[in-house]
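If you read the sequences in order, they're chains P and G.
If you count the first sequence from 1, position 294 lands on 294 in full-length UniProt numbering, and the numbers rise without skipping.
If you count the second sequence from 1, position 35 lands on 35 in full-length UniProt numbering, and the numbers rise without skipping.
2 protein chains.
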Amino acid sequence: MTSASDPVTAIDGFWAVIPAGGAGTRLWPLSRSSSPKFLRDLTGSGRSLLQETYDRLAPLVGDRFLVVTGAAHRDAVADQLDRLEDGSILAEPSPRDSMAAIGLAAALLERSDPDAVMGSFAADHVIADQAAFGAAVATATAAARDGWLVTLGIDPTFPSSAFGYIHLGDGLDGHDGTYRVVEFVEKPSTEVAESYLATGRYRWNAGMFVVRPTVLLDLLAEGDPAFAAELRAIAADPSQLDEAWPRLPKIALDHAVAEPAAAAGRVVTVPASFGWDDIGDFDSLATLLADPSVATTVLGDDALVHALDSTGLVVPRTGRTIAVVGLDDVVVVDTEDAVLVTTRARAQEVKQIVAALKESGRADLT
Amino acid sequence: MTSASDPVTAIDGFWAVIPAGGAGTRLWPLSRSSSPKFLRDLTGSGRSLLQETYDRLAPLVGDRFLVVTGAAHRDAVADQLDRLEDGSILAEPSPRDSMAAIGLAAALLERSDPDAVMGSFAADHVIADQAAFGAAVATATAAARDGWLVTLGIDPTFPSSAFGYIHLGDGLDGHDGTYRVVEFVEKPSTEVAESYLATGRYRWNAGMFVVRPTVLLDLLAEGDPAFAAELRAIAADPSQLDEAWPRLPKIALDHAVAEPAAAAGRVVTVPASFGWDDIGDFDSLATLLADPSVATTVLGDDALVHALDSTGLVVPRTGRTIAVVGLDDVVVVDTEDAVLVTTRARAQEVKQIVAALKESGRADLT
């Protein structure tokens, strides 16, 4: 296995598939349906999460990208990723969940590059250690070439109840650093998650996997032959896309392929530590950005925030001054048309505000 | 004594003096040095506190008003009170506390209307029951004509540690509803305030008093003859104002006149209940505006506020939507250039934000 300090170089025949979707309603009002999480700079880096995903993958794939996004975001994606080759953006006519989106990319790659190995990485995750990420992907690619469906298994840093887990089995012969997957388990309670961590045999499922396109589609065909055939037909004649797309099942790739394949002993995982975060809500964003020397974290211009005896996260996005007095773990997000005030503990419930706004006829704010 | 249900009619020779000053820093960012509390609508009535003060007094005084304000606010006061007669606004060249401001009004009235009785009422207080207020003022005016310095003593509704108290003595012969004042006491602890309330002999000192101008100036002259002479000299030749003003002592009328006069047995009080509030901070504003049927009080357009499992006060002043999730007794104030987030319990500390902004070179926001 490559050590994390080696320079990262492109992997022959390796393609990055980036599903760029999801509303990110728990990050409202930063994330909007018109400008979702993956198009936003949520770390203060000056680059959007999508751009950071591109930056992270370009050294591994060169120009071999396929970004799958909603038709409404096609232009924004093209603007942000202006070095993508023509044809690298697939616009879904409507949202049909991850199996259809990633399956379409696989079907196209199967035809255009029979030797391809594809890695699928969401457009809205954060990874701290690029070298460790590249090394894990290289290890995963080697196993994928041998016909495995390979996931990356994130070393859990705390007993999260917000993620699914991967249960590790024995090491895979001939592939150091790669382990058989016993099963995928759904989001557990914190208590169950603690018991998982105690065994040392569980990793977070970050939804990142590496596989040969044909292997992925064949695994899909085992459970739903018509679905796989439909995807291959669209790839053979892309003019069918708009007509065929609404017929495709709306199902997550995890359920359509990964879980049954694991049960059949066809999935392996590469355990890895590279500082992964999916920035699920303002609580995780606050953790990600936390600086121990600062009581109140500011995502933006520090000079705009006056915090007195307070802790938490403040996001000034309008140039307005924001004063916070006497609140712990508070979250304040100031945007041009909406202000959010909540606490880190209640950050998950922000999606209910988005639902309430839609119900009250203010979908324009979501 | 007139009952609270009688129609209120103008009182012969009675003048309203309205000191319109004070920064109201604990109500930042609603109240600013350029547009202080008294110029703002803080109750959602559509009228500023100054205008409400005028509306309350006009039935009692007709056009006999003197408004004393800082030179910087002269034009704003004239705009808001466009029915004032010429000469009804006195602009202080610089802030010199209440004795100079009210004393100047007294000196001018002493010359222009020798039979005048004046009542001094701050421009930034709220009174719920106009009829009861008018009745108390009529009672006070009658005692003032007989040479007494008369205060209005507000029936305390809770043991506040934020107000001074008036200690009542015996009833005043010939003036039903009027009592001698034993002494004024400074803001007590809550425990001491509780003991005051238990006796039934203490009232809140709201700084409202009624007196003949000559009586006020003569009482001042007993302690500081030069101060009284200076005020009378300015009244005799108003062209001296700018030159003489900076020499006047900076002292509150309470200390210069009311306390020594009480010690000399020269002060009486009219106990009254008319729903008085000085809106000292956002906590008292929240109490004032509270509607038991609504968890989160909104000062402004309700439709802009989405509160989920929260209580407190939200002030939307920009047209932006404000979402609050999972916070109790929170205070959120949204203005064009500044947002405040605090709690009712910490509302007093808002003035520290104003101080911090000045220190950091952002006096433009204060």
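The C-beta atom is built at its ideal place from N, Cα and C for all residues, glycine as well.
At a beta-carbon threshold of 8 Å, none of the residues of chain P lie near G/Thr311; the nearest stands roughly 13 Å away. When DSSP reads this structure, G/Trp276 sits in a beta bridge with G/Ile127. The C-beta of P/Leu168 comes no closer than 8 Å to any C-beta of chain G.
For the C-beta of G/Asp301, not a single chain P residue is nearer than 9 Å; the gap to the nearest is close to 13 Å. The beta carbons of P/Asp155 and P/Pro271 sit closer together than 8 Å. G/Asp82 sits in coil when the DSSP states are folded into three classes, being neither helix nor strand. G/Glu243 counts as exposed, since fewer than 16 other beta carbons sit within 10 angstroms of its beta carbon. Leaving aside the five residues that flank P/Leu241 on each side, the residues in its chain whose CB is nearer than 6 Å to its CB run, in chain order, Ile234. In this structure, the alpha-carbon of G/Tyr196 lies about 23 Å from that of G/Ile127. Counting the other CB atoms within 10 Å of its CB gives G/Phe14 a total of 16 or more, which places it among the buried residues. In the DSSP annotation of this structure, the continuous segment of the alpha helix (DSSP H) that includes P/Thr199 starts and ends at Thr190 to Thr199. Rounded to the nearest angstrom, the gap between the Cα atoms of P/Arg203 and P/Thr139 is 17 Å. Counting C-beta pairs closer than 8 Å gives fewer than three between the stretch 255-274 of chain G and the stretch 325-337 of chain G, which falls short of the contact rule. CA-CA distance, G/Asp278 to G/Leu50, rounds to 12 Å. Under the 8 Å Cβ criterion, the stretch 325-332 of chain G counts as touching the stretch 341-352 of chain P, having at least three qualifying pairs. Rounded to whole angstroms, the separation of the alpha carbons of G/Val305 and P/Ser112 is 53 Å. When secondary structure is reduced to three states using DSSP, P/Trp245 falls in the helix class. For G/Glu110, the uninterrupted alpha helix (DSSP H) run begins and ends at Asp97 to Ser112, by DSSP.
With contacts defined as CB atoms closer than 8 Å, P/Ser48 and P/Asp41 qualify as a contacting pair. In the three-state reduction of the DSSP assignment, G/Pro59 falls in the helix class, which pools H, G and I. Contact with chain P is found for G/His306, since one of that chain's Cβ atoms lies less than 8 Å from the residue's Cβ.
Selection P/Phe38, P/Asp12 and P/Thr9 evaluated against P/Gly22 yields P/Phe38 as nearest (Cα-Cα). In the DSSP secondary-structure assignment, G/Ile89 is bridged to G/Val67. The beta carbon of P/Leu248 is closer than 7 Å to those of Arg96, Ala100, Phe227 and Glu230 in its chain, skipping five residues each way along the sequence. Taking the beta carbon of G/Val341 as reference, the chain P residues within 8 Å of it are Ile322, Ala323, Val324, Val325, Leu327, Val330, Val332 and Val341, listed in sequence order. With a beta-carbon spacing of about 6 Å, P/Val77 and P/Ala20 fall inside the 8 Å limit used to define contacts.
Looking at the backbone, the Cα of G/Ala71 and that of G/Ala256 are separated by about 24 Å. At a cut-off of 8 Å between beta carbons, G/Arg317 makes no contact with chain P. Against chain G, the beta carbon of P/Glu349 has neighbours under 7 Å at Leu308, Val325 and Gly326, listed in chain order. When secondary structure is reduced to three states using DSSP, G/Ile251 falls in the coil class, being assigned neither helix nor strand. Using a CB distance below 9 Å, the part of the stretch 13-32 of chain G facing chain P consists of Trp28 and Pro29, ordered along the chain. Segment contact: the stretch 204-215 of chain P against the stretch 165-172 of chain P, three or more CB-CB distances shorter than 8 Å; contact assigned. Judged by their CB atoms, P/Val182 and P/Gly174 are not nearer to each other than the 8 Å cut-off. Think of a sphere of 8 Å around the beta carbon of G/Ala338: the chain P residues whose beta carbon falls inside it are Arg320, Thr321, Ile322 and Ala323, in chain order.
Per DSSP, the beta bridge partners of G/Thr321 are P/Ala338. Residue-level contact check: G/Leu285 does not touch chain P, since none of the beta carbons of chain P fall below 8 Å from its beta carbon.
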